[in-house]
Structures are given as structure tokens and as C-alpha cells.
Amino acid sequence: MEEVRAACGDDDLLMWTAQGLRAGARSWSLAGAVVSAAPSLARHHRLAVWGDTTSAISLVRHAWAELGPAYRPLGDTRTITDLASKIDGLEVAGEFSWMSLNTAPPTNDPDVTWLHDETEVATLLSTSAPNSYAAPGTPGVTRWAGLRVDGKLAAVAADAWSAPDVGFLAGVATDAEFRGRGLGERICRWTSQELVRAHGRAALMVDDDNGPALGVYRRIGYIRRRIAAASLAG
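So the sequence shown is numbered by the numbering used here: it starts at 5 and just counts up by one.
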């Protein structure tokens with residue numbers, strides 16, 4: 005992993021996708037570019053791209069030759085757009101934001117804790133966030149934090165698909181009954197603190213049109229970066 009870190013300048017998106025080079029994860033570098041690939045990472049086969057576009061094109065094609073075309077390029081919006089204009093059949097599939105945090109946010113919230121039973125999490129998500137990528141039992145979702153109000157589970161967040169040195173925040177949801185009370189920020193702040201302490205930094209993905217979530221993450225200290233994903237047509 006130190007070779008990957010040096011090649012990409014410790015870019016957090018690349019380091020997250022490399023996943024510590026666990027089984028199935030790969031990284032390649034060429035003349036100022038790096039790509040990292042990991043299967044079933046946040047529900048997709050990911051191929052993070054960094055650096056010089058010309059070299060990155062060669063690396064993406066090399067990765068597809070080894071791993072197959074299901075791996076979707078992911079990186080800064082300008083890089084992915086440029087790749088899509090130069091690789092036949094590659095199309096931008098979506099644009100969103102990557103946010104990262106290098107300092108643990110201060111918090112001391114006795115109402116938040118890691119949960120031992122995920123049954124309530126599944127119930128909350130089914131009604132309040134049915135499209136969440138992270139869910140109990142999903143491969144790569146490690147543990148859930150929960151915030152209770154008067155004994156009832158009111159908000160949750162997951163430690164999911166974390167790499168050794170990039171913790172990943174996902175599955176954030178608040179029960180509709182308790183929205184508008186700042187519970188989402190409280191559980192995100194607590195979970196982010198835990199992730200930074202465990203991994204050195206934390207990161208997440210968020211839709212660009214989700215203004216309330218972007219505001220929460222900014223207040224916690226996350227820095228926003230516009231990214232895009234692409235896939236081969238068909």
C-alpha cells in the first residue's frame with residue numbers, strides 16, 4: 005500500500021478504493037496516473053482513476069482486460085468526463101460528491117453507541133431510507149451506530165466498506181418521527197469521530213442535490229469534492 009500511497013499522493017478516493025489491496029482489489033500506476041479497483045465496493049465494482057488522463061486511459065483498458073468491463077471508472081468529474089470523450093462506449097453515469105474528513109470532530113454524545121442488534125436498523129431503513137446502499141447484512145457493512153430518543157431508535161449510521169486508512173460513512177437515516185431535531189448531525193458527528201480515530205480519516209458519498217446532508221457534513225468538517233462515475237454502454 006505504500007507504493008500506492010506514494011504514486012497517488014495519498015489521494016483518499018484512490019486509497020479507499022484500493023481497500024488495503026484485500027482479496028480482489030488491485031492498483032496500477034503509469035506515468036503520472038493511478039487506478040485502483042475493488043469488487044462490490046458500495047454495491048458496485050469500482051475503478052478509481054487519478055492523474056494524467058492519457059496514462060489513465062491505458063490503465064483503465066488494462067484493468068478491464070484483467071478484471072472485465074463491469075468495473076466502473078470513478079474520479080474527479082473533469083477526469084471522468086475526459087475519459088468518456090476518449091474511450092468508445094464509455095458514458096458518464098452520474099455526478100455526485102465525495103467528502104472527506106481528516107480531523108475527528110469533537111463530540112461527547114451519551115445517546116449514541118454502536119449497536120449489537122441490527123433488527124431495529126432494518127426496520128428504520130425500510131421506512132425512512134429504503135434506497136440506502138448500506139443495510140444490515142450487506143457485504144462490507146461492518147457495524148451500525150444508533151441514537152435513541154426515549155428508548156426508541158431514532159437515527160442510524162454505518163461503518164461500511166472502510167479501508168484500513170479511510171473509514172467510510174454510509175447508511176445515514178433518521179426516523180421520520182424525529183426529523184428536524186438535528187439527530188442526523190449528532191449521529192454523523194459521533195460516527196465520524198469513531199471512523200477518524202480508527203482509520204485516520206473518514207469519507208462519504210452524497211448526491212449533489214441533497215442540500216440538507218451537504219450542510220450537515222460541512223458543519224462537521226467534511227471537505228467536498230465533485231466526482232463522477234462512468235460505465236460502458238450495454
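Virtual Cβ for every residue (Gly too), placed ideally from N, Cα, C.
* For residue 166, is the classification buried or exposed, using 16 other Cβ atoms within 10 angstroms of its Cβ as the cut-off for buried? -> Counting C-beta atoms within 10 angstroms of its own C-beta, residue 166 has 16 or more neighbours from the protein chains shown and is therefore classed as buried.
* Asked: So who's on the other strand from residue 231, going by DSSP bridges?
  -> DSSP, once it has assigned bridges, lists 80 and 100 as partnering residue 231.
* In terms of alpha-carbon separation, which member of 157, 149 and 98 lies closest to residue 180? -> The option with the nearest alpha carbon to residue 180 is 157.
* **Meets three-Cβ-pair contact criterion under 8 Å: the stretch 67 to 87 and the stretch 190 to 199** => Three or more beta-carbon pairs separated by less than 8 Å are not found between the stretch 67 to 87 and the stretch 190 to 199, which leaves the two stretches without contact.
* To do: Name, in chain order, the residues that DSSP records as bridge partners for residue 32.
  => BP columns for residue 32 point to 39.
* Apart from the five residues on each side of it in sequence, which residues of its chain come closer than 6 Å, Cβ to Cβ, to residue 11? -> The answer, listed in chain order, is 33 and 38.
* Excluding five sequence neighbours on each side, which residues of the same chain lie with their C-beta closer than 8 Å to the C-beta of residue 189? -> Only 220, 223 and 224 meet the Cβ criterion.
* Can the beta-carbon of residue 106 be found less than 8 Å from the beta-carbon of residue 205? -> Yes, these two residues count as a Cβ contact at 8 Å.
* Tell me the DSSP bridge mates of residue 118? -> For residue 118, which the question treats as bridged, DSSP gives the partners 149.
* Residue ranges of each beta strand (DSSP E) within the stretch 121 to 188, 3 or longer -> You should have 145 to 153, 156 to 164 and 171 to 178.
* Comparing alpha-carbon positions, which option in 142, 214, 51 and 170 lies nearest residue 79? -> Closest in C-alpha terms to residue 79, from the list 142, 214, 51 and 170, comes 51.
* Asked: Given residue 97, which residues of its chain have a CB within under 6 Å of its CB, disregarding the five upstream and five downstream residues?
  -> These residues qualify, in order along the chain: 233, 234 and 235.
* Asked: If you drop the 5 nearest sequence neighbours on each side, which residues of the same chain put their C-beta closer than 7 Å to that of residue 102?
  -> So the qualifying residues of the chain are 17, 207, 209, 229 and 231.
* Which residues in the same chain as residue 162 place their Cβ atom closer than 6 Å to its Cβ, once the five residues preceding and following it in sequence are excluded? -> Excluding residues within five positions, the ones whose Cβ falls inside 6 Å are 138, 145, 148, 174 and 175.
* To do: May I ask which residues mark the beginning and end of the beta strand (DSSP E) holding residue 237?
  => According to the DSSP assignment, residue 237 belongs to no beta strand (DSSP E), since it is labelled neither H nor E.
* Length at least 4, wholly inside the stretch 41 to 79: the alpha helix (DSSP H) runs in chain order -> Counting only runs of 4 or more residues that sit fully inside the stretch 41 to 79, the alpha helix (DSSP H) segments are 57 to 71, in chain order.
* May I ask you to report which of helix, strand or coil DSSP gives residue 209? => The answer is strand: DSSP assigns residue 209 an E or B state.
* How many Å lie between residue 8 and residue 154 at the Cα? -> Straight-line Cα distance between these residues: approximately 47 Å.
* Asked: Considering only C-alpha positions, which residue in the set 95, 47, 100 and 67 is nearest to residue 240?
  -> This structure cannot speak to residue 240, because the chain is shown only from 5 to 238.
* Give a yes or no on whether the C-beta atoms belonging to residue 46 and residue 29 are separated by under 8 Å. => No. Outside cutoff.
* Option nearest residue 113 by Cα separation, candidates 67, 127 and 152 -> Among 67, 127 and 152, the Cα nearest to that of residue 113 is on 152.
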